[in-house]
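To start, the structure itself, in structure tokens.
2 protein chains.
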Amino acid sequence: MPAGSTADGALPVMADVARLAGVSHQTVSRVLNDRPNVRPETRERVLVAIRELDYRPNSAARTLVTRKSQTLGVISFESTLYGPSQMLYGIEQAARAASYFISIASLRYQGIHSVHEAVDRLRDQAVEGIAVIASQGSTVAALAQRVGTVPMVTVGPTDSGQLPGAGVNNHAGALAAVRYLLDLGHATVHHVAGPKDWLEANAREAGWRQALDERGRQVVPCLAGDWSARSGYEAGFRLAGDLTVTAVFCANDHMALGVLRALQESGRRVPEDISVVGFDDIPEAAFLTPPLTTVRQDFGELGRRGLELLLQRIESPPLRPSPRSRATDHRVALVAPELVLRASSGRPRSR
Amino acid sequence: MPAGSTADGALPVMADVARLAGVSHQTVSRVLNDRPNVRPETRERVLVAIRELDYRPNSAARTLVTRKSQTLGVISFESTLYGPSQMLYGIEQAARAASYFISIASLRYQGIHSVHEAVDRLRDQAVEGIAVIASQGSTVAALAQRVGTVPMVTVGPTDSGQLPGAGVNNHAGALAAVRYLLDLGHATVHHVAGPKDWLEANAREAGWRQALDERGRQVVPCLAGDWSARSGYEAGFRLAGDLTVTAVFCANDHMALGVLRALQESGRRVPEDISVVGFDDIPEAAFLTPPLTTVRQDFGELGRRGLELLLQRIESPPLRPSPRSRATDHRVALVAPELVLRASSGRPRSR
DNA sequence: GCAGCATTTGTGAACGCAAACAATCGAGTA
DNA sequence: TACTCGATTGTTTGCGTTCACAAATGCTGC
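Line order of the protein sequences matches chains W and Y. For the first sequence, counting from 1, position 21 maps to 21 in the numbering used here; every step adds exactly one. Take the position in the second sequence, starting the count at 1, then add 351; the result is the number in the numbering used here.
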């Protein structure tokens, strides 16, 4: 029990502080909100009273009257994957820097219903904006239906065209990775893609396809995984069975890891027989066998940029855009990825 | 704009619903809170009005009067590590099942000041309880100072003795792993421990030590990492330099991964020359080279159990425990880990 | 010494909801 | 018929804060 607190054990309220400081509750409020026109001496007396009582403002009461909760919502799907959890962390850090609270809603299923429910749940909490770490096209579409009810940004995918957001330039990253492999002398590059509905997966696949196209190389059919090492492992066996394969670009590091393992079990050496390149640069990438060449993305930066965008939208209300101006309205912050060369890639053995 | 909403564009409030349904706002409140003594016919009329107006209760107002926010706080530190992010997910799911919101505060630094600030920030939001995913002894100690101000549980470490919580039996897991290695015929087992201040790291080290002790084996000095693959990699080189080493138990999988890499670079074969065992069973463990023997923990279950404990404490107020009864008061839910055998461990080559 | 003005402080009313209490209704009973 | 009691509904109050406005105070210049 802090010294000087109200006798009845109840938490002190503004009126208690006011009484102790010998001012009105309104003056206390002014001090708390850094309002001008409070004599320094008065302010000091109020601050002393606040400390004395260990007073803390009641946020529900404040939210009730201001209609601002100082809270941002985060909707996250596979929040246990490496990328999403990194982004969540980045968002949380950035939110705190801007003195916002973070309320999270992570969904197991990605149905429209589930998405709308999450938005509504967050709205019920009076969040001032929502950041979505979700990359399925269908999810973003579902969210777009609710835009206008509350400011929203996506963090992760870049090309939704439906919501503003921050994302890595997946297309450019894939392009760079595949060009690099082609430059090494590989006739073509195979691709282990992510799930069809993920925007990142599509962008990376498109980048891969464009790199092959622009050099007039054969676009081989690509395998699709689910981001997991297991799915990469399975894809790896199929690739190992095809002796023409000399280079594989995987849509993320975990699948690349599975591919590495499958190739090794199949007696194909990396990089001598087959080069493997991933995407993400997970902390372990440098310590795989062999160390993985990959495309690094800065997830923390992504979270920060996304939040920045969200705060902008919160501050400058979304003044109903005309259908014409939509495109410019949905600004996207693109973060450039970086190709990191390690031992899993090299020149093809013979050609 | 939903049909029938109030003319002035403001969000509908209870009074609007009441007017439309031809009842008093209190009756609306009763319907909303599933209070008895509302005629089914009246209830139906109210529900129709709610739907018509797309009315949603204002949670700030409700919180103000009930002093319950339906929100739980989560304090998380290295929320980007595999374990913590899994636990966060588990907690979030369990919280939603109990229809609580989750507000998160992740900290970069673990100082006492920072911990207290996080607790205070969450308290300002009127969270009804706090789950802490934090494993540093110093952190738990700092938290324990604030216990009593709000219900709290830890998720992860088991043996704080200061806070109730759910955790994996790290000691038992380590014991099982080391006994298994000794049973294979290894003379002793080396250990790559986690950071000194982490309770899990200590428990695993203690388990390792006990297993050696009980068989009268030499307790070799142990190396300490920081959970990262890099730190494991560095430890791995030191182990590789010692030709007497035949078995290594690592405090987590990521360090084990680094060890594997270092051993391979040093020309030591796994498991022929050296057996390696990890802890966690990350999804990639089965696809490393070689697949990693490890101790599986069910992080999701941990989150659920921790939340269960927290809800219990919220419902049955903590009736000020006497210093005597403290120990029994701080109940701990222990989840049993499971040893998963894979290819990274085997009999020592010669003896 | 006092009007005039800016600065500082105080007073009353919301905000939207639930709790406590009061009122009404209807059926069963004497 | 009157009376009681339970079920149902309504009225009033207050949660702790900020906002709008009113009041008081201090300072300036004449």
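Backbone N, C-alpha and C fix where the C-beta goes; we use that ideal spot for every residue, glycine too.
### Query
Would DSSP call Q487/Y helix, strand or coil?
Taken through DSSP and simplified to helix, strand or coil, Q487/Y comes out as strand.
### Query
Hey, how far is the Cα of A412/Y from the Cα of I133/W?
30 angstroms
### Task
Go through its chain and collect everything with a Cβ distance to L514/Y's Cβ below 7 angstroms, but skip five positions before and after it.
V491, L494, A495, V498, M503, V504, T505 and H681
#### Entry: Cβ contact (3+ pairs, closer than 8 angstroms) linking the segment 588-606 of chain Y and the segment 535-544 of chain Y
yes
#### Entry: Complete runs of the alpha helix (DSSP H) confined to the segment 200-251 of chain W [at least 4 residues]
229-240
### Query
Are there three or more Cβ pairs, one per stretch, closer than 8 angstroms when the segment 291-303 of chain W is compared with the segment 369-382 of chain Y?
Fewer than three Cβ pairs drawn from the segment 291-303 of chain W and the segment 369-382 of chain Y lie within less than 8 angstroms of each other, which leaves the two stretches out of contact.
### Message
With distance defined between alpha-carbon atoms, name the residue in N553/Y, R555/Y, D577/Y and V529/Y nearest to Q569/Y.
### Response
V529/Y
### Message
So, at 7 angstroms on beta carbons, what are the nonlocal neighbours of D548/Y in its own chain, with the 5 sequence-adjacent residues on each side left out?
### Response
Q487, G488 and S489
### Query
So with Cβ pairs under 7 angstroms, would you call A166/W a contact of chain Y?
no
### Delimiting residues of the alpha helix (DSSP H) encompassing F708/Y
Because chain Y is modelled from 352 through 702, residue 708/Y falls outside the range shown and cannot be assessed.
### Message
So, for A684/Y: in the same chain, excluding its five sequence neighbours on each side, which residues have a beta-carbon less than 8 angstroms away from its beta-carbon?
### Response
G516, A517, G518, R656, G657, E659 and L660
### Query
So, does the CB of I633/Y fall closer than 7 angstroms to a CB anywhere in chain W?
Output row for I633/Y: interface = no.
### Task
Using a threshold of 7 angstroms, state whether the C-beta atoms of A687/Y and N553/Y are closer than that.
no
### Query
On the three-state DSSP scale, how would you describe S548/Y?
Checking the sequence shown, residue 548/Y turns out to be Asp, not Ser. Coil at D548/Y, not helix or strand.
### Query
If we count the other Cβ atoms within 10 Å of its Cβ and call it buried at 16 or more, is L288/W buried or exposed?
buried
### Task
Report the residue from G583/Y, R390/Y and E635/Y whose alpha carbon sits nearest the alpha carbon of S228/W.
E635/Y
### Query
Three-state secondary structure (DSSP) at I130/W?
strand
### Task
Buried or exposed for S457/Y, please, with buried defined as at least 16 other CB atoms from any protein chain shown within 10 angstroms of its CB.
A buried status is given to S457/Y, since no fewer than 16 other beta-carbon atoms sit within 10 Å of its beta-carbon.
### Task
Check V150/W in the structure and name its three-state DSSP category.
strand
### Task
Along the alpha helix (DSSP H) that carries V628/Y, what are the first and last residues, could you check?
That residue, V628/Y, is in no alpha helix (DSSP H); its beta strand (DSSP E) goes S626 to V628.
### Task
Assign P672/Y to one of three DSSP states: helix, strand, or coil.
Caution applies to P672/Y, whose pLDDT of 46 falls short of 50 and renders its modelled position unreliable; the value that the coordinates give is listed next. P672/Y falls in the coil class under three-state DSSP.
### Query
Beta carbon of L526/Y, beta carbon of G558/Y: below 7 angstroms?
In contact: L526/Y and G558/Y (Cβ atoms closer than 7 angstroms).
### Query
Nearest to G583/Y by CA position, among V621/Y, V646/Y, P572/Y and G629/Y, is which residue?
Among V621/Y, V646/Y, P572/Y and G629/Y, the Cα nearest to that of G583/Y is on G629/Y.
### Query
In terms of alpha-carbon separation, which member of P699/Y, Y406/Y and R370/Y lies closest to A361/Y?
Measuring from the Cα of A361/Y, the nearest candidate turns out to be Y406/Y.
### Query
If the cut is a Cβ gap below 7 angstroms, which residues of chain Y does F101/W touch?
S454 and Q476
### Query
Would you call V46/W buried or exposed, if buried means 16 or more other Cβ atoms sit within 10 Å of its Cβ?
buried
### Message
Tell me the rounded alpha-carbon separation between V364/Y and R370/Y.
### Response
10 angstroms
### Query
For chain W, is any of its Cβ atoms less than 7 angstroms away from the one on T640/Y?
yes
### Query
E52/W: which of A224/W, K68/W, H113/W and A21/W sits nearest, CA to CA?
A21/W
### Task
Work out the CA separation of Y440/Y and V621/Y for me, nearest whole Å.
Each residue's Cα considered, the two are about 34 angstroms apart.
### Query
Could you give the distance in angstroms between the alpha-carbon of R612/Y and the alpha-carbon of P641/Y?
10 angstroms
### Message
DSSP three-state label for L143/W, please.
### Response
L143/W falls in the helix class under three-state DSSP.
### The beta strand (DSSP E) enclosing T422/Y, as first and last residue numbers
T422 to S427
#### Entry: Spatial distance of R474/Y from L72/W (CA atoms)
17 angstroms
### Query
So A247/W and S266/W are in contact, right, with Cβ under 8 angstroms, and what is the actual spacing, rounded?
Rounded, the Cβ-Cβ distance is 16 angstroms, inconsistent with contact.
### Message
Taking the beta carbon of S76/W as the centre, do at least 16 other beta carbons fall within 10 Å, making it buried, or is it exposed?
### Response
Buried: at least 16 other Cβ atoms inside 10 Å.
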